[in-house]
Amino acid sequence: DRARRILIALEEAAAAGKGAASLDGRMIDAASARMAENVVKQDEMVQAKSK
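In this note's numbering, the protein residues as written are 1013 to 1063.
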């Protein structure tokens, strides 16, 4: 899932002291992280309702 990959890439970048990262040739930053977090939360809610 791309949203989860964005969050992982940014966590790795932060651990390396960077404020942004690149994923699939595109720059991702804090704004990307916020959008990815929202997507992950929505996915988790949908998964919880379908159980």
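From the three backbone atoms N, C-alpha and C, an ideal C-beta is built for every residue, glycine too.
Judged by DSSP secondary structure, A1043 falls outside any beta strand (DSSP E) and instead within the alpha helix (DSSP H) spanning 1042 to 1061. The closest CA to that of R1016, considering only S1062, E1056, K1063, A1060, is found on E1056. E1024 places its beta carbon less than 9 Å from that of A1033. Residue pairing from DSSP places R1038 in a beta bridge opposite L1035. Straight-line measurement puts the Cα of A1045 at about 27 Å from the Cα of K1063.
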